[in-house]
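Visitor: The sequence shown begins at 84 in the working numbering and counts up one residue at a time.
We put the beta carbon where it would ideally sit given N, CA and C, even for glycine.
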Amino acid sequence: MKNKFPFRILLIVFVFAMQLSPQVSAQKKLHVGADIVSSYVWRGLLYNPVPNIQPSITFTSGDESFSIGTWGSYGIGSYYGEVDFFTTYSVGGLTLALWDYYVMPADFNYNFFNYINDETGHSLEFSAVYEGPENIPFCLTWGTFFYGNDLNEAGNNMYSSYFELGYNFNIGDTPIYVFTGFTPWESFYAPEFSLINV
84 MKNKFPFRIL LIVFVFAMQL SPQVSAQKKL HVGADIVSSY VWRGLLYNPV PNIQPSITFT
144 SGDESFSIGT WGSYGIGSYY GEVDFFTTYS VGGLTLALWD YYVMPADFNY NFFNYINDET
204 GHSLEFSAVY EGPENIPFCL TWGTFFYGND LNEAGNNMYS SYFELGYNFN IGDTPIYVFT
264 GFTPWESFYA PEFSLINV
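(1) Please report whether the beta-carbon of residue 212 lies at a distance below 8 Å from any beta-carbon of chain B.
(2) Using the rule of at least 16 other Cβ atoms within 10 Å of the residue's Cβ for burial, across every protein chain shown, is residue 114 buried or exposed?
(3) Which same chain residues, not among the five before or five after residue 240, have their C-beta less than 8 Å away from its C-beta?
(4) What's the C-alpha gap between residue 256 and residue 150?
(5) For residue 136, which option in 126, 159, 145, 125 has the closest C-alpha, if you only look at C-alpha atoms?
(6) How many Å lie between residue 104 and residue 237 at the Cα?
(7) Determine whether the beta carbon atoms of residue 121 and residue 131 lie at a separation below 8 Å.
(8) By the DSSP assignment, the beta strand (DSSP E) with residue 271 in it spans what residues?
(9) Could you pull the DSSP bridge partners for residue 112 from this structure?
(10) Decide if residue 207 is buried, meaning its Cβ has at least 16 other Cβ atoms within 10 Å, or exposed.
(11) Considering only residues of the same chain and omitting the five flanking positions on each side of residue 259, which have a CB-CB separation below 6 Å?
(12) With distances taken between CB atoms, is the gap from residue 178 to residue 168 smaller than 8 Å?
(13) Which residue wins for smallest C-alpha separation from residue 125, given the options 173, 250, 174, 184?
(14) Quick check on DSSP: helix, strand or coil for residue 221?
(15) Is residue 212 helix, strand or coil when you go by DSSP?
(16) If we ignore side chains and look at the alpha-carbon of each, how far apart do residue 111 and residue 141 end up?
(17) Going by beta carbon distance, what residues of the same chain come within less than 7 Å of residue 269, once the five residues before and after it are set aside?
(18) Suppose you measure from the CA of residue 264 to the CA of residue 210; what does that come to, to the nearest Å?
(19) Under 8 Å between the Cβ atoms of residue 166 and residue 175?
(20) Figure out for me which residue from 193, 161, 148 has the closest Cα to the Cα of residue 134.
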């Protein structure tokens with residue numbers, strides 16, 4: 084029997100998040116959008132070198148503390164396809180998120196609902212982002228994969244992790260964000276500690 088436990092956890096979190104804060108239920112917001120990018124680069128890694136369409140749907144509570152949604156990236160004229168699901172909770176400058184990433188295999192031989200750890204194409208990640216106050220506009224990001232398609236050659240979870248330190252400022256009316264991102268150990272990002280995103 085296929086292990087659907089992580090899928091059920093995601094479903095429960097999604098439902099629970101949207102049931103909280105009932106006083107603002109009438110003000111919940113739905114956002115549907117799409118971007119077109121010249122290539123798909125994420126955390127310093129080139130996932131697809133051709134233009135991609137990146138649609139998204141996000142449902143946010145009225146006070147914007149909870150959100151659930153889906154995001155995708157699809158190569159134009161290439162086989163690449165990705166569909167992700169997420170839920171977030173924000174308080175103050177801190178945002179916690181649970182992500183389910185799924186990249187479709189090139190041969191399209193996949194079972195989307197297979198969540199068995201050593202077979203699934205899904206990768207589950209927990210992340211946290213902290214944004215400092217306006218007078219110190221820095222941003223700290225941490226994300227660690229904890230289940231699914233993040234295994235080493237021995238079949239063990241690598242707990243691939245990404246850390247980023249960024250700083251926001253303006254030049255005139257133009258907002259600027261400078262950052263550096265690194266992985267602290269062997270992971271799918273790099274074979275050892277590496278700066279991977281600048």
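Guide: Let me spell this out:
(1) Here there is only one protein chain, and chain B is not present.
(2) Start at 1 with the first residue of the sequence shown, and residue 114 comes out as number 31. Around the beta carbon of residue 114, fewer than 16 other beta carbons lie within 10 angstroms, which makes this residue exposed.
(3) Here the question's residue 240 lines up with position 157 in the sequence shown. A distance below 8 Å between beta-carbons, with the five flanking residues on each side excluded, links residue 240 to the following residues of its chain, in chain order: 200, 228, 229, 230, 233, 234.
(4) Locating residue 256 in the sequence shown gives position 173, counting from the first residue. Locating residue 150 in the sequence shown gives position 67, counting from the first residue. Their backbone Cα atoms lie some 30 Å apart in a straight line.
(5) Counted from its first residue, the sequence shown places residue 136 at position 53. Cα-wise, what sits closest to residue 136 is 159.
(6) For the purposes of this step, residue 104 is taken as residue 21 along the sequence shown, with counting starting at 1. For the purposes of this step, residue 237 is taken as residue 154 along the sequence shown, with counting starting at 1. Here the model assigns residue 104 a pLDDT of 47, short of 50, so the residue's position is not dependable, and the following value carries that caveat. Answer to the nearest angstrom: the Cα atoms are 44 Å apart.
(7) Start at 1 with the first residue of the sequence shown, and residue 121 comes out as number 38. Start at 1 with the first residue of the sequence shown, and residue 131 comes out as number 48. Cβ distance not < 8 Å, so residue 121 and residue 131 don't count as in contact.
(8) In the sequence shown, the residue the question calls residue 271 occupies position 188. Counting along the chain, residue 271 falls outside any beta strand (DSSP E), and DSSP gives it neither H nor E.
(9) Within the sequence shown, the letter at position 29 stands for residue 112. When DSSP reads this structure, residue 112 sits in a beta bridge with 143.
(10) Locating residue 207 in the sequence shown gives position 124, where the first residue counts as 1. Buried is the call here.
(11) If you number the sequence shown from 1, residue 259 lands on position 176. Once the five neighbours on either side are set aside, the close Cβ partners of residue 259 are 252.
(12) The residue you call residue 178 lines up with position 95 of the sequence shown. The residue you call residue 168 lines up with position 85 of the sequence shown. No, the Cβ-Cβ distance between residue 178 and residue 168 is not below 8 Å.
(13) In the sequence shown, counting from the first residue as 1, residue 125 sits at position 42. Check the Cα spacing between residue 125 and each of 173, 250, 174, 184: the tightest is with 184.
(14) Working through the sequence shown from its first residue, we reach residue 221 at position 138. Strand, per DSSP.
(15) For this step, residue 212 is matched to residue 129 along the sequence shown. Assignment of residue 212 by DSSP, reduced to helix, strand and coil, places it in the strand class.
(16) Within the sequence shown, the letter at position 28 stands for residue 111. Within the sequence shown, the letter at position 58 stands for residue 141. A straight line joining the alpha-carbon of residue 111 with that of residue 141 spans about 10 Å.
(17) The sequence position of residue 269 within the sequence shown is 186, counting from 1. Cβ within range, chain order: 241, 275.
(18) As a first step, residue 264 is located in the sequence shown; it is residue number 181 there, counting from the start. As a first step, residue 210 is located in the sequence shown; it is residue number 127 there, counting from the start. So the two alpha carbons sit approximately 14 Å from each other.
(19) The count along the sequence shown starts at 1 and reaches residue 166 at position 83. The count along the sequence shown starts at 1 and reaches residue 175 at position 92. Remark: C-beta atoms of residue 166 and residue 175 do not approach each other more closely than 8 Å.
(20) Indexing the sequence shown from 1 puts residue 134 at position 51. Closest by alpha carbon: 161.
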